[in-house]
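Going down the list, the protein sequences come from chains A and B. First residue of the first sequence? That's 3 in this note's numbering, and the numbers climb one at a time after it. First residue of the second sequence? That's 3 in this note's numbering, and the numbers climb one at a time after it. Virtual Cβ for every residue (Gly too), placed ideally from N, Cα, C. Structure first, commentary second.
2 protein chains.
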Amino acid sequence: MKLKKVQLTPPQFLMCGFGITIMAGMLMLKLPVSTYDGISWLNALFTATSATTVTGLVTVDTGTVFTLFGEAIIMMLIQVGGLGFMTFAVLVILFLRKKITLKERLLIQEALSQTSIGGVVKLVLSLFIFSLIIELAGMVLLATVWVPEYGWMEGLHVSLFHSISAFNNAGFSLWSDNLIGYVGDPLINLVITGLFILGGIGFTVLVDVYKKPRFKKLTLHSKLMIVGTLIINTVALLFIFFAEYGNPDTLGGLSLMDKFWASYFQGVTTRTAGFNSLDIGSMEESSILFMMMLMFIGAGSGSTGSGIKLTTAIIIILTFITYLQNKSEVSVLGRTIRNNIVMRAFSITFAGFITIFFCLLGLTLTDPELPFLEVVFEVFSAFGTVGLSMGITDDLSAPGKIIIIILMFLGRVGPITLAFSLATIKPDRIRYAKEDVYTG
Amino acid sequence: MKLKKVQLTPPQFLMCGFGITIMAGMLMLKLPVSTYDGISWLNALFTATSATTVTGLVTVDTGTVFTLFGEAIIMMLIQVGGLGFMTFAVLVILFLRKKITLKERLLIQEALSQTSIGGVVKLVLSLFIFSLIIELAGMVLLATVWVPEYGWMEGLHVSLFHSISAFNNAGFSLWSDNLIGYVGDPLINLVITGLFILGGIGFTVLVDVYKKPRFKKLTLHSKLMIVGTLIINTVALLFIFFAEYGNPDTLGGLSLMDKFWASYFQGVTTRTAGFNSLDIGSMEESSILFMMMLMFIGAGSGSTGSGIKLTTAIIIILTFITYLQNKSEVSVLGRTIRNNIVMRAFSITFAGFITIFFCLLGLTLTDPELPFLEVVFEVFSAFGTVGLSMGITDDLSAPGKIIIIILMFLGRVGPITLAFSLATIKPDRIRYAKEDVYTG
Ligand SMILES: [K+]
Ligand SMILES: [K+]
Numbered sequence: 003m004k005l006k007k008v009q010l011t012p013p014q015f016l017m018c019g020f021g022i023t024i025m026a027g028m029l030m031l032k033l034p035v036s037t038y039d040g041i042s043w044l045n046a047l048f049t050a051t052s053a054t055t056v057t058g059l060v061t062v063d064t065g066t067v068f069t070l071f072g073e074a075i076i077m078m079l080i081q082v083g084g085l086g087f088m089t090f091a092v093l094v095i096l097f098l099r100k101k102i103t104l105k106e107r108l109l110i111q112e113a114l115s116q117t118s119i120g121g122v123v124k125l126v127l128s129l130f131i132f133s134l135i136i137e138l139a140g141m142v143l144l145a146t147v148w149v150p151e152y153g154w155m156e157g158l159h160v161s162l163f164h165s166i167s168a169f170n171n172a173g174f175s176l177w178s179d180n181l182i183g184y185v186g187d188p189l190i191n192l193v194i195t196g197l198f199i200l201g202g203i204g205f206t207v208l209v210d211v212y213k214k215p216r217f218k219k220l221t222l223h224s225k226l227m228i229v230g231t232l233i234i235n236t237v238a239l240l241f242i243f244f245a246e247y248g249n250p251d252t253l254g255g256l257s258l259m260d261k262f263w264a265s266y267f268q269g270v271t272t273r274t275a276g277f278n279s280l281d282i283g284s285m286e287e288s289s290i291l292f293m294m295m296l297m298f299i300g301a302g303s304g305s306t307g308s309g310i311k312l313t314t315a316i317i318i319i320l321t322f323i324t325y326l327q328n329k330s331e332v333s334v335l336g337r338t339i340r341n342n343i344v345m346r347a348f349s350i351t352f353a354g355f356i357t358i359f360f361c362l363l364g365l366t367l368t369d370p371e372l373p374f375l376e377v378v379f380e381v382f383s384a385f386g387t388v389g390l391s392m393g394i395t396d397d398l399s400a401p402g403k404i405i406i407i408i409l410m411f412l413g414r415v416g417p418i419t420l421a422f423s424l425a426t427i428k429p430d431r432i433r434y435a436k437e438d439v440y441t442g
Numbered sequence: 003m004k005l006k007k008v009q010l011t012p013p014q015f016l017m018c019g020f021g022i023t024i025m026a027g028m029l030m031l032k033l034p035v036s037t038y039d040g041i042s043w044l045n046a047l048f049t050a051t052s053a054t055t056v057t058g059l060v061t062v063d064t065g066t067v068f069t070l071f072g073e074a075i076i077m078m079l080i081q082v083g084g085l086g087f088m089t090f091a092v093l094v095i096l097f098l099r100k101k102i103t104l105k106e107r108l109l110i111q112e113a114l115s116q117t118s119i120g121g122v123v124k125l126v127l128s129l130f131i132f133s134l135i136i137e138l139a140g141m142v143l144l145a146t147v148w149v150p151e152y153g154w155m156e157g158l159h160v161s162l163f164h165s166i167s168a169f170n171n172a173g174f175s176l177w178s179d180n181l182i183g184y185v186g187d188p189l190i191n192l193v194i195t196g197l198f199i200l201g202g203i204g205f206t207v208l209v210d211v212y213k214k215p216r217f218k219k220l221t222l223h224s225k226l227m228i229v230g231t232l233i234i235n236t237v238a239l240l241f242i243f244f245a246e247y248g249n250p251d252t253l254g255g256l257s258l259m260d261k262f263w264a265s266y267f268q269g270v271t272t273r274t275a276g277f278n279s280l281d282i283g284s285m286e287e288s289s290i291l292f293m294m295m296l297m298f299i300g301a302g303s304g305s306t307g308s309g310i311k312l313t314t315a316i317i318i319i320l321t322f323i324t325y326l327q328n329k330s331e332v333s334v335l336g337r338t339i340r341n342n343i344v345m346r347a348f349s350i351t352f353a354g355f356i357t358i359f360f361c362l363l364g365l366t367l368t369d370p371e372l373p374f375l376e377v378v379f380e381v382f383s384a385f386g387t388v389g390l391s392m393g394i395t396d397d398l399s400a401p402g403k404i405i406i407i408i409l410m411f412l413g414r415v416g417p418i419t420l421a422f423s424l425a426t427i428k429p430d431r432i433r434y435a436k437e438d439v440y441t442g
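Shown next as structure tokens:
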């Protein structure tokens, strides 16, 4: 008897891996030992998807519904879905060595700045160890606040959970008001944001900075990510500070120092981590709209975060400027961006908008009675696997929850990965005559 | 004494022309003879902008506030802003012959499928005459319904007004419920839609079809416009038919035949004409969302309509498919689309989204108490110079109205034209080494 081997392309493999992890997670969360009073299949699927895709949207309160065992499963799903996403995928692709062209393999190696396959495996392993060390360090630092507050057992437990949740950009918290209770605590603010910024900037950037500590020597990708992160975080901080300054339900009642910490935290967390130290449902409409844009942009490529990615947004802006300047080649920091990369950036963005549009359309049919702004915010949050909510997650109808589940899944693997896993690639041999079309 | 000549680039010239027309229109609408009981400066500016940009959003009821003289001014502004937009611009550019490169001039000639400048002028004039004949024919056909209903004077007057409003995709009506009263009238439906489809498909397509009546011989642009218009109109008809079928406030109470006419009319009008035979404010949320997409896409290049244009949307979809197929050149119907055209399509779309985003952000600050869905709809409607509204136009605050005025202006001239008129073009001489950035 001979079994026919099923050959999966890397995108198909990735999708299947995610799907299997989510299903396994759902089954484990359904175990009686995971919850105090049980949980519905749909809520178990929702929680498993939210954890594996490191989103952080919740239909049940994590801290009160799940037992310590259940919380451990969620923590594991977050770890597999966040940290595992990139490293496992790379390992799998390298070990399988099927359907992967030399060009693709070289690209992966290039992405990790290594030259031999043995070196790549070693690198992935060291990244894995590095991440665990960071998570432990985060836990220790958080424990200095939470052990005195909650005692040893409970204090270490919440510190570990939040450290893993932060580094993997999951945004899950054990408190029903997330981190609102620590809005002005400098250590919590700095450690949590430090963890998710490290996790969200992308592994290639971390490796690059580790190897070449001087900015000038970094790859173009690392330079763009570092400069881009600084700029967008500063803009976000300022926007939220000024938009919410007088809002009595958010910054209004805080001291100037706490106002700063809250603006910093909410500005930085919105692109993908999804923790909140302010009440999202009480924020000004302008902040909500601005945060939707941040959630759409997201974090770095090959990171624990999602969204269209910061570099994608940068390339789109650069292309726009290039077009206005009547130039034909997109260039930045003394380097030219290949045309194929530009097409990829636009395709990713387009796929993102289309995905959001159709899911939103679906939700207007399944949940027409929910307020439109809240629904749009939820959709952007799920697509960016951010996990911020204006408070309607649990009010969604069952079909509505399924749409959000699909959206979190698509947001994490990327709609373009789905499209690739379905697309049949045709050879690009025939050349046609060029003819212009008027567009403006 | 010597006056220094101010040299304007074509985009700057276009913007100035529009601005001056709007200002002149505002002053004329402020004349006591234009209105029965006067009108505020802001509402006069709003009406003049809405007419000149062929939008059709109104803060005051056109039929009851303006005298016959005022209505004639609105009609004139519509004619100048719609029909005049392309023809005047082409004429002006050709006559000025300043700051216009040979390449640009050739492009214009190509756009109109002519080879000599004398021929272009002749062509523009014949297009002008052709348009007037179409408008007169439209008036005569509409009069067969409206003269029996309103008598000779009033009947001819409303027929002329609606014919001009339709051909120029303005969507202004003399009835406060627009065309809801004629929801099932086949002649009104066919004549009005016929007029705005002819006006909205783009002059180059009309000329092309006139010259080469066989489909195979048409330019790629004409083929895409004709096929695209058929497809998008059919999809829109079906969507609205099924989404609204059971809605008692829209299609629910109508006969099957009237349901068809209403779906056809609303599906076709939404991309830019902006008439309505259904109550927009009562439509389902899903229809509203779908209509926002239609309003964003808009009509044809060089037409009396706006939006990012149908061909722009087609090229974006084609590019996305091309990218998924791992091809490097975008091709359709046996022709390759130049890379520069692809970049232009994406830049136009990006500029559109950015414009909408910032205007929406502005409106959340100026009018936070208005419902979000209604405001988003209004913004898309103004950007696409469509003129459909869920009923909040008059409820906008003064700064809110100014934002919509700016948006109508930008929507008509195109945000990319504004950007071009501000951009300084730098030579594209330096070539950099290529370096990749990870985006997905
Ligand atoms: K998250
Ligand atoms: K219109």
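Residue range of the unbroken alpha helix (DSSP H) whose run includes M155 of chain A | By one-based count along the first sequence, residue 155 of chain A stands at place 153. Segment 154-169, the alpha helix (DSSP H) holding M155 of chain A.
Can you list every residue whose CB sits closer than 6 angstroms to some heavy atom of ligand 2, going in chain order?
-> B:V56, B:T57, B:G58, B:N171, B:A172, B:G173, B:T274, B:A275, B:G276, B:T387, B:V388, B:G389
Boundaries (first-last residue) of the alpha helix (DSSP H) holding S52 of chain B = Position 50 of the second sequence, counting from 1, holds the residue named residue 52 of chain B. Taken as a continuous stretch (DSSP letters only), the alpha helix (DSSP H) holding S52 of chain B covers 43-54.
Flag this pair as yes or no: are the beta carbons of T55 of chain B and F15 of chain B separated by less than 9 angstroms?
-> Reading the second sequence from its first residue, position 53 is the one you call residue 55 of chain B. Reading the second sequence from its first residue, position 13 is the one you call residue 15 of chain B. Contact: no.
Residues within the segment 317-331 of chain A neighbouring chain B, beta-carbon criterion of under 9 angstroms = I317, I318, I319, T321, F322, I323, T324, Y325, L326, Q327, N328, K329, S330, E331
Which chain B residues are close to L363 of chain A, counting only those with a beta carbon under 8 angstroms from its beta carbon?
-> Here residue 363 of chain A refers to the residue found at position 361 when the first sequence is read from its first residue. Residues of chain B with a Cβ closer than 8 angstroms to the Cβ of L363 of chain A are, in chain order, S288, L291, F292.
Does R346 of chain A get closer than 9 angstroms to chain B when you measure Cβ to Cβ?
-> Reading the first sequence from its first residue, position 344 is the one you call residue 346 of chain A. R346 of chain A counts as touching chain B.
Coil, strand or helix - V334 of chain B by DSSP = By one-based count along the second sequence, residue 334 of chain B stands at place 332. In the structure shown, V334 of chain B sits in a strand (DSSP, three-state: E or B).
Closest Cβ-Cβ distance between P370 of chain A and chain E: below 9 angstroms?
-> Among the chains of the structure shown, chain E does not appear; the protein chains present are A and B.
If you drop the 5 nearest sequence neighbours on each side, which residues of the same chain put their C-beta closer than 8 angstroms to that of I190 of chain A?
-> Taking the first sequence and counting its residues from 1, one reaches residue 190 of chain A at position 188. L144, V147, L181, Y184.
Among B:L70, B:S178, B:F198, which one has its Cα closest to the Cα of G307 of chain B?
-> Taking the first residue of the second sequence as 1, we reach residue 307 of chain B at position 305. Per the Cα distances, B:F198.
Assumed close pair G300 of chain B, T274 of chain B - CB separation to whole angstroms, cut-off 8 angstroms = For the purposes of this step, residue 300 of chain B is identified with residue 298 of the second sequence, where counting begins at 1. For the purposes of this step, residue 274 of chain B is identified with residue 272 of the second sequence, where counting begins at 1. About 5 angstroms separates the two Cβ atoms, so the contact holds.
Go ahead and pull the three-state DSSP assignment for F68 of chain A.
-> Taking the first sequence and counting its residues from 1, the one referred to as residue 68 of chain A is at position 66. F68 of chain A falls in the strand class under three-state DSSP.
6 angstroms CB neighbourhood of V67 of chain B in its chain, flanking five on each side removed | As a first step, residue 67 of chain B must be located in the second sequence, where it is residue number 65. Cβ-Cβ distances below 6 angstroms link V67 of chain B to T37 in the same chain, with the five nearest sequence neighbours on each side left out; the list follows chain order.
Neighbour-count burial assignment, P417 of chain B, 16 or more Cβ in a 10 Å radius = To locate residue 417 of chain B, count along the second sequence from 1; it is residue 415. Under this definition P417 of chain B is a buried residue.
By a C-beta neighbour count over all protein chains shown, 10 Å radius and 16 as the cutoff for buried, is A113 of chain A buried or exposed?
-> For the purposes of this step, residue 113 of chain A is taken as residue 111 along the first sequence, with counting starting at 1. Because the pLDDT of A113 of chain A is 46, which lies under 50, any placement of that residue in the model is unreliable, and the number read from its coordinates should be weighed accordingly. Under this definition A113 of chain A is a buried residue.
Could you tell me whether the Cβ atoms of L320 of chain A and S333 of chain A are closer together than 9 angstroms?
-> The count along the first sequence starts at 1 and reaches residue 320 of chain A at position 318. The count along the first sequence starts at 1 and reaches residue 333 of chain A at position 331. Taking the C-beta atoms as reference points, S333 of chain A is found nearer than 9 angstroms to L320 of chain A.
Of the choices A:I75, A:I356, A:D39, whose alpha-carbon is the least far from that of T49 of chain A?
-> By 1-based counting over the first sequence, the position of residue 49 of chain A is 47. Residue A:I75 is the option with its Cα nearest to T49 of chain A.
If you drop the 5 nearest sequence neighbours on each side, which residues of the same chain put their C-beta closer than 8 angstroms to that of P34 of chain B?
-> Here residue 34 of chain B is taken as the residue at index 32 of the second sequence, counted from 1. Cβ within range, chain order: G40.
Can the beta-carbon of G276 of chain A be found closer than 9 angstroms to that of T395 of chain A?
-> The count along the first sequence starts at 1 and reaches residue 276 of chain A at position 274. The count along the first sequence starts at 1 and reaches residue 395 of chain A at position 393. Their beta carbons are not under 9 angstroms apart, which means G276 of chain A does not touch T395 of chain A by this criterion.
With a 10 Å radius around its C-beta and 16 neighbouring C-beta atoms as the bar for buried, classify Y266 of chain B as buried or exposed.
-> Translated into positions along the second sequence, residue 266 of chain B becomes position 264. So Y266 of chain B ends up on the buried side.
Going along chain A in order, which residues have a C-beta closer than 8 angstroms to the C-beta of S349 of chain B?
-> By 1-based counting over the second sequence, the position of residue 349 of chain B is 347. Ordered by position in chain A, the residues that pass the 8 angstroms Cβ test against S349 of chain B are T321, F322, Y325, L326.
Starting from the beta carbon of T366 of chain B, find every residue of chain A whose beta carbon is closer than 7 angstroms, and list them in chain order.
-> Taking the first residue of the second sequence as 1, we reach residue 366 of chain B at position 364. Neighbours of T366 of chain B on chain A, chain order: E287, S288, L291.
With 16 other Cβ atoms within 10 Å as the buried cut-off, status of W154 of chain B = Against the second sequence, residue 154 of chain B aligns to sequence position 152. Exposed: under 16 other Cβ atoms inside 10 Å.
Roughly how many whole angstroms lie between the Cα atoms of A264 of chain B and G157 of chain B?
-> On the second sequence, residue 264 of chain B is found 262 positions in, with the first residue counted as 1. On the second sequence, residue 157 of chain B is found 155 positions in, with the first residue counted as 1. So the two alpha carbons sit approximately 23 angstroms from each other.
Please compile the residues from chain B whose C-beta is within a distance smaller than 8 angstroms of the C-beta of M28 of chain A.
-> Indexing the first sequence from 1 puts residue 28 of chain A at position 26. Neighbours of M28 of chain A on chain B: none; closest Cβ ~27 angstroms, over 8 angstroms.
Enumerated in chain order, which unbroken segments of the alpha helix (DSSP H) with a length of 4 residues or greater are wholly contained in the segment 241-294 of chain A?
-> 258-271
Measure from the C-beta of L375 of chain B to each C-beta in chain A and report whether the shortest distance is under 9 angstroms.
-> The count along the second sequence starts at 1 and reaches residue 375 of chain B at position 373. Nearest CB-CB separation between L375 of chain B and chain A: below the 9 angstroms threshold.
Proximity below 9 angstroms, CB of G65 of chain B to CB of S167 of chain B = The sequence position of residue 65 of chain B within the second sequence is 63, counting from 1. The sequence position of residue 167 of chain B within the second sequence is 165, counting from 1. Result no, Cβ atoms of G65 of chain B and S167 of chain B do not sit closer than 9 angstroms.
What residues of chain A sit near N249 of chain B, judged by a beta carbon separation below 9 angstroms?
-> One-based indexing of the second sequence puts residue 249 of chain B at position 247. Within 9 angstroms Cβ-Cβ: nothing; N249 of chain B doesn't reach chain A, min ~11 angstroms.
In angstroms, rounded to a whole number, what distance separates the CA positions of F374 of chain A and L375 of chain B?
-> For this step, residue 374 of chain A is matched to residue 372 along the first sequence. For this step, residue 375 of chain B is matched to residue 373 along the second sequence. Put simply, the backbone Cα of F374 of chain A is about 6 angstroms away from that of L375 of chain B.
Complete alpha helix (DSSP H) runs within the segment 294-361 of chain A (minimum length 4 residues, chain order) = As far as the segment 294-361 of chain A is concerned, its whole alpha helix (DSSP H) runs of at least 4 residues are 312-326.
Any idea what DSSP makes of T368 of chain B, helix, strand or coil?
-> As a working mapping, residue 368 of chain B is identified with position 366 in the second sequence. When DSSP states are grouped into helix, strand and coil, T368 of chain B belongs to the helix group.
Where do the N-terminal and C-terminal ends of the alpha helix (DSSP H) with P188 of chain A fall, by residue?
-> By one-based count along the first sequence, residue 188 of chain A stands at place 186. 188-202 is the span of the alpha helix (DSSP H), which, as asked, contains P188 of chain A.
Span separating the alpha-carbon of Q268 of chain A from that of V60 of chain B | On the first sequence, residue 268 of chain A is found 266 positions in, with the first residue counted as 1. On the second sequence, residue 60 of chain B is found 58 positions in, with the first residue counted as 1. Roughly 39 angstroms separates the two Cα atoms.
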